[in-house]
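In the numbering used here, the protein residues as written are 27 to 141.
All C-beta atoms in this analysis are idealised placements derived from N, C-alpha and C, irrespective of residue type, glycine included.
Right, one structure below, let's go through it.
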């Protein structure tokens, strides 16, 4: 993973709206042609009915025209190696290939890589 994908996830995390959980998360995904789409978690009063960072990034990706996703970085402010929830795993499975790299990050960078 190039450092810019991590930085994109970190910048997205800074835009999270997480007043209920106080658990900001950012995600960034890169397509085969180099485009990067980001997302942050967005909570609402009917918590947990908000959007996860991965879901927000996927929404931007779909609205941006889609393409082959080659890598995804996820970063949480207070948890190293924050793994996507079950719903996000299903959404990612819908749009990613088995070989898509998923980088679970900590504040310094990639802590673990999975597919």
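- Inter-residue distance for residue 134 and residue 72 is about 33 Å (C-alpha atoms, whole angstroms).
- If you look at residue 59, you'll find it isn't in any beta strand (DSSP E); DSSP assigns it neither H nor E.
- With a cutoff of 9 Å on beta-carbon distance, residue 98 and residue 69 are scored as not near each other.
- Taking the Cα positions, residue 28 is about 27 Å away from residue 113.
- Residue environment analysis places residue 90 among the exposed positions, since fewer than 16 neighbouring C-beta atoms fall within 10 angstroms of its C-beta.
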